[in-house]
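Protein chains in written order, with the UniProt record's numbering: chain A, 1 to 401; chain B, 1 to 244.
We put the CB at the ideal spot given by N, CA and C, even for glycine.
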Amino acid sequence: MRTTVLRLAWADYRGEARLSACAVLGLAAVLAPLLVLFGLRFGLVATLTERLLEDPRTRELIPIGSGRYDAAWFEALRARPEVAFVVPRTRQIAATADLRAASGPAVTVELLPSAPGDPLLARYGVTPPAAAQEVVLSRTAADKLGLAAGAEVDAAVGRSRAGREEIVRTRLRLTAVLPLEGFDRDAAFVPLDLLLAAEDYRDGHAVPTLGWPGSERPAGERVYPGFRLYARDLDAVEPLRAHLVGLGLEVLTQAEAIANVRALSRNLGIVFAVIAGLGAAGYLASAAASSLAAVARKRRDLSLLRLLGLSTRGLLAFPLAQALFTGAFGSAAAFAFYAAAAAGINALFAASRGPGEYLCRLLPLHFAAALAATLAAVLLAALAGGWRATRIEPSEGWREV
Amino acid sequence: MLAAPVYRLREVTKTRAGGSARFRLRVPRLEIARGERVALVGPSGCGKSTLLDLLALVSAPDAGAAEFAFQPPQTPPANLAALWQLGRADTLAALRGRHLGYVLQTGGLLGFLSVRDNIGLPRALLGLPDDGSVAALAGRLGLERHLEQPPAALSVGERQRVAIARALVHAPSIVVADEPTASLDPVTADTVMRLFLELAAERSVTLVLASHDLALIERCGLRRLPVRVTREADGVLASFGEGE
Numbered sequence: 001m002r003t004t005v006l007r008l009a010w011a012d013y014r015g016e017a018r019l020s021a022c023a024v025l026g027l028a029a030v031l032a033p034l035l036v037l038f039g040l041r042f043g044l045v046a047t048l049t050e051r052l053l054e055d056p057r058t059r060e061l062i063p064i065g066s067g068r069y070d071a072a073w074f075e076a077l078r079a080r081p082e083v084a085f086v087v088p089r090t091r092q093i094a095a096t097a098d099l100r101a102a103s104g105p106a107v108t109v110e111l112l113p114s115a116p117g118d119p120l121l122a123r124y125g126v127t128p129p130a131a132a133q134e135v136v137l138s139r140t141a142a143d144k145l146g147l148a149a150g151a152e153v154d155a156a157v158g159r160s161r162a163g164r165e166e167i168v169r170t171r172l173r174l175t176a177v178l179p180l181e182g183f184d185r186d187a188a189f190v191p192l193d194l195l196l197a198a199e200d201y202r203d204g205h206a207v208p209t210l211g212w213p214g215s216e217r218p219a220g221e222r223v224y225p226g227f228r229l230y231a232r233d234l235d236a237v238e239p240l241r242a243h244l245v246g247l248g249l250e251v252l253t254q255a256e257a258i259a260n261v262r263a264l265s266r267n268l269g270i271v272f273a274v275i276a277g278l279g280a281a282g283y284l285a286s287a288a289a290s291s292l293a294a295v296a297r298k299r300r301d302l303s304l305l306r307l308l309g310l311s312t313r314g315l316l317a318f319p320l321a322q323a324l325f326t327g328a329f330g331s332a333a334a335f336a337f338y339a340a341a342a343a344g345i346n347a348l349f350a351a352s353r354g355p356g357e358y359l360c361r362l363l364p365l366h367f368a369a370a371l372a373a374t375l376a377a378v379l380l381a382a383l384a385g386g387w388r389a390t391r392i393e394p395s396e397g398w399r400e401v
Numbered sequence: 001m002l003a004a005p006v007y008r009l010r011e012v013t014k015t016r017a018g019g020s021a022r023f024r025l026r027v028p029r030l031e032i033a034r035g036e037r038v039a040l041v042g043p044s045g046c047g048k049s050t051l052l053d054l055l056a057l058v059s060a061p062d063a064g065a066a067e068f069a070f071q072p073p074q075t076p077p078a079n080l081a082a083l084w085q086l087g088r089a090d091t092l093a094a095l096r097g098r099h100l101g102y103v104l105q106t107g108g109l110l111g112f113l114s115v116r117d118n119i120g121l122p123r124a125l126l127g128l129p130d131d132g133s134v135a136a137l138a139g140r141l142g143l144e145r146h147l148e149q150p151p152a153a154l155s156v157g158e159r160q161r162v163a164i165a166r167a168l169v170h171a172p173s174i175v176v177a178d179e180p181t182a183s184l185d186p187v188t189a190d191t192v193m194r195l196f197l198e199l200a201a202e203r204s205v206t207l208v209l210a211s212h213d214l215a216l217i218e219r220c221g222l223r224r225l226p227v228r229v230t231r232e233a234d235g236v237l238a239s240f241g242e243g244e
């Protein structure tokens, strides 16, 4: 009985192929733009979010001003789950060096502490300096020195003691160059030990490991004025910031950039909901009206089926089954239209997107949800006609001339 | 033991209010036995269609019928008056689908189904497999060539033969026919009617037929149900059946 109703509904649906095609196109005309719109929203937000996620600077927390942080403090911070990477900094004023290649002028660079796991270097596939004599240069510094990875570079640190200019040198091996996107000033990423050596030497102390002369460094725990800190992910930035603020620190984050993407996502979501709501309401009204019209048009046939013993449920199932056909074909057509539109949009913006980035994108889950929502909507609209169909009396078609 | 009649009616009335005049059908007493072939004959407007509707289980009698029993062979009797009163539309639909075959005045075929599927429709609705009766009936009625065609491709006479095949295909015990040959020319009408009666007789079907063609009924030897139409103050009263 149930399959009979399905077969009858399908035969009738095919019999009036033109009207059925109109219903399918009508549905696709509402659904396809919504899919494109949603695809744009999802693709855009996903791309911006991924860019944020990929850019380690959005996960960086920069302390403002200097503090006094000891090793225990860093241990505690490193133990926090929100922390991906932290390395202490020495005083800014002591963290410079003059680099010189075998020939050419000297270039003064910032010394930045790095260590294995440094997200900024990892982002660009650069292995952080591990050994004491290794250095990673920023692109600008490497260009000014005319050096490429593998070269040797001379680093000079100067101090003035008792009115006399003193200078020490050490040889470093350039292991890699960080691209311009990673860092746009003259900088050298070196292990913390070298920064500590430079600081000690500038303070007038000796650095025995490098053979730099000076007074003996007084005993006592070392304190650091700052640090380079990266959160594990975007969501960890805010709690980590709150934690540091709780400790009395002031920190800079990319909270605004993150909040901007979040706000964009939310606002586009609202815009989409409004448009989808209008489209769905209009479609429901028109589909309900055409379902009623269809049942009125098929009154004689339905009444005849009623006469021949079709149950109330069967009468209800007839227009509902046809609505499902429209829903399935309409969704398929809309998916096809969407695929074409998305390909066009993505081609149009191909220049401004990176590899693997799509301006217009939907996941399989989205298609499944769209299909489910569409089938629910067409069924809901067809209930109007279905209800009308169940009221059809067997006597109506019985004697119509 | 005498088999119970298929229909047993006592004081069944049906009122149709149409415009200013009221039409009332009254059946004081009517029994139709198994295998009987009954013709409701009379001019149009005499109430034969109204009675046929009642016997076809498509329209409700007025409340208050003394008895309106329906008992196809090998089934318990159904109280149609009560079923209508209670609005058991699905029970009535099931009874129609299982026990009744219908031949409508103008075929009443589904345009979106082939002739084959139209004939097989009652079996399909009952969930019965095709046991060859579609082909057999089509053969008897000369429809083999048309089985895969849509009804629209057939002549009126052929369509009526399709309707006859459909009315018999699920081996119903009762066939109700409403002016089955009214839309055919006299020669075709005669042929179709004879075929119909022949097939019905072979299957021992109880036949209830409405027709205005007295001569045809006479020739075919059906039992005529007398009707008496009287004018009442507020309309027309038509009385069918035996007794008063």
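- Contact check between the stretch 228 to 242 of chain A and the stretch 57 to 64 of chain A: three or more CB pairs, one atom from each, fall below 8 Å, which counts as touching.
- With a threshold of 8 Å between beta carbons, A:L363 makes no contact with chain B.
- When Cβ pairs closer than 8 Å are counted between the two stretches, the stretch 258 to 266 of chain A is seen not to touch the stretch 105 to 113 of chain A, the count staying below three.
- Contact of B:S59 with chain A by beta-carbon distance below 7 Å involves S395.
- Contact annotation for A:A11 against chain B: L110, F112, L113, S114, D117 [CB-CB distance below 9 Å, chain order].
- Residues D154, A155, A156 of the same chain have their beta carbon placed closer than 7 Å to that of A:R169, with the five preceding and five following residues left out of the count.
- Against chain A, the beta carbon of B:D213 has no neighbour under 7 Å; the closest one sits roughly 17 Å away.
- Under the Cβ criterion (8 Å, minimum of three pairs), the stretch 44 to 58 of chain A does not count as touching the stretch 210 to 228 of chain A.
- Beta-bridge pairing by DSSP links B:R22 to B:A17, B:G235.
- With a contact defined as Cβ atoms closer than 8 Å, A:V87 and A:A115 qualify at about 5 Å.
- Listed as beta-bridge partners of A:R89 by DSSP are A:G226.
- The beta carbon of B:L121 falls within 8 Å of a beta carbon belonging to chain A, placing the residue at that interface.
- Given a length threshold of 4 residues, each whole run of the alpha helix (DSSP H) inside the stretch 44 to 122 of chain A is given here in chain order: 71 to 79.
- A direct Cα-to-Cα measurement between A:A389 and A:L292 gives close to 9 Å.
- Inter-segment contact for the stretch 142 to 162 of chain B and the stretch 206 to 219 of chain B is absent: fewer than three beta-carbon pairs are separated by less than 8 Å.
- A straight line joining the alpha-carbon of A:L192 with that of A:L121 spans about 15 Å.
- In the DSSP assignment, B:E148 falls outside any alpha helix (DSSP H), carrying neither H nor E.
- Look at B:L195: its C-beta is not under 8 Å from any C-beta on chain A.
- Taking the Cβ atoms as the reference, B:A89 lies roughly 33 Å from B:I217, outside the contact range of under 8 Å.
- Under the three-state reduction of DSSP output, A:Y358 falls in the coil class, being neither helix nor strand.
- Going by DSSP, A:D154 is part of the beta strand (DSSP E) stretching over 152 to 161.
- For A:A341, the enclosing alpha helix (DSSP H) covers residues 312 to 348.
- Not one beta carbon of chain B lies nearer than 8 Å to the beta carbon of A:G354.
- Annotation for B:I164: the continuous alpha helix (DSSP H) segment containing it runs 156 to 168.
- Fewer than three pairs of CB atoms, one per stretch, sit closer than 8 Å, so the stretch 29 to 45 of chain A makes no contact with the stretch 138 to 148 of chain B.
- Annotated as distal: A:R171 and A:R202, with beta-carbon spacing of 8 Å or more.
- Rounded to whole angstroms, the Cβ separation of A:L178 and A:V136 is 6 Å, and the two are in contact under 8 Å.
- The continuous alpha helix (DSSP H) containing A:T374 extends over residues 364 to 390.
- With distances taken between CA atoms, B:S239 lies nearest to B:G42 out of B:A124, B:P73, B:G64, B:G42.
- By the Cβ neighbour-count rule, B:Q105 is buried, with 16 or more other Cβ atoms within 10 Å of its own.
- Straight across, the Cα-Cα distance linking A:G309 with A:Y283 is about 34 Å.
- Of the other Cβ atoms in all chains shown, fewer than 16 fall within 10 Å of the Cβ of B:P129; this residue is therefore exposed.
- Annotated three-state conformation of B:S211 is strand, per DSSP.
- Shown here for B:R166: same chain residues with a beta carbon closer than 7 Å to its own, the five before and five after excluded, namely N118, I119, L121, P122 in chain order.
- Around B:G108, the same chain offers Y102, A163 as residues with beta carbons nearer than 8 Å, after the five sequence neighbours per side are excluded.
- Against chain A, the CB of B:A94 has a partner CB under 8 Å away; the residue lies at that interface.
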